[in-house]
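In terms of my numbering, the sequence shown has 155 at position 155, counting the first letter as 1, and numbering is strictly consecutive.
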Amino acid sequence: MLELKDVHTYYGSIHALKGVSLKVEQGEIVTLIGSNGAGKSTTLAGIIGIKKPSSGTITFMGKDITKSKPHEIVGMGIALSPEGRLVFPEFTVEENLRSGAYLRKKGTFNESFDMIYELFPRLAERRKQLAGTLSGGEQQMLAIGRALMNAPKLLMLDEPSLGLAPNLVIQIFELIKKIRKTGVTVLLIEQNANLALRIADRGYVLETGSVKLTDSAKNLLKNGEVKKAYLGG
1 MLELKDVHTY
11 YGSIHALKGV
21 SLKVEQGEIV
31 TLIGSNGAGK
41 STTLAGIIGI
51 KKPSSGTITF
61 MGKDITKSKP
71 HEIVGMGIAL
81 SPEGRLVFPE
91 FTVEENLRSG
101 AYLRKKGTFN
111 ESFDMIYELF
121 PRLAERRKQL
131 AGTLSGGEQQ
141 MLAIGRALMN
151 APKLLMLDEP
161 SLGLAPNLVI
171 QIFELIKKIR
181 KTGVTVLLIE
191 QNANLALRIA
201 DRGYVLETGS
211 VKLTDSAKNL
221 LKNGEVKKAY
231 LGG
């Protein structure tokens, strides 16, 4: 479904990605783990077209999207729920969700509303409430729901548990599993590597802009180096 081949990205003189190659197959949950500054968010920014690679290729559903514009990439079926949630605080829950469907024709996304309110009953209860008055957990649900409003084939999640209480973190990860069951493929960046690997099929370990290790999530959980560096053991 998605493939990056030898992607290099620079911020000025800083070599942020150094030949990153990875694949995401349809129906998978794939996670990228690594310390701050490893290049995880830069990888997602390259895929969605916000930060163009200096070299290398990115293909989606067999099409080269390396030089495509962000709105074109979203229109092809990739959605990003960004780090920090970035909801529109002065919009209601429903208005925020509707903004996620800006590329779709009016009247074609009622089923998406129904699916999102089924996944996130809390949002259904607060559909007329201003997003800025929601809790952090509710805003994260809204950010994910907004990304789903465009009916993506691939959903990219950047640190969905950041700043949330432990009980809400568990809830968010259960929701990610439910989203996969709806037929959406997931590429996940997550600071909680332990939980990410427990729901993922495969994982990539990024270090200073390079893929240092890739394996099944099950094997990465048992890997001594991964345990020591990212799993607290």
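In this text, a Cβ means the ideal position worked out from N, Cα and C, and glycines have one as well.
- Annotated three-state conformation of T133 is helix, per DSSP.
- For A38, same chain residues with a beta-carbon under 8 Å away, outside a window of 5 residues either side, are L206, E207, T208 and G209 in chain order.
- Contact between T9 and G46 holds, with the beta-carbon distance rounding to 6 Å and staying under 8 Å.
- When beta bridges are read from the DSSP output, T9 appears opposite L17.
- Judged by DSSP in its simplified three-state form, D201 adopts coil rather than helix or strand.
- Across the structure, A217 and E118 are spaced so that their CA atoms are roughly 29 Å apart.
- Residue burial is scored here from C-beta neighbours: P152 has at least 16 other C-beta atoms within 10 angstroms and is therefore classed as buried.
- Taken through DSSP and simplified to helix, strand or coil, E174 comes out as helix.
- Assignment of A124 by DSSP, reduced to helix, strand and coil, places it in the helix class.
- A direct Cα-to-Cα measurement between L164 and S81 gives close to 15 Å.
- Just so you know, the alpha carbons of S68 and V74 end up roughly 10 Å apart.
- Assignment of L22 by DSSP, reduced to helix, strand and coil, places it in the strand class.
- Sixteen is the threshold: when 16 or more other Cβ atoms of the shown chains lie within 10 Å of the Cβ of I58, as they do, the residue is buried.
- Residue pairing for M156: DSSP places it in a beta bridge opposite L80 and L187.
- Only residues of its own chain outside the window of five on either side were considered, and among them V93, L134 and E138 have a CB closer than 8 Å to the CB of R126, listed in chain order.
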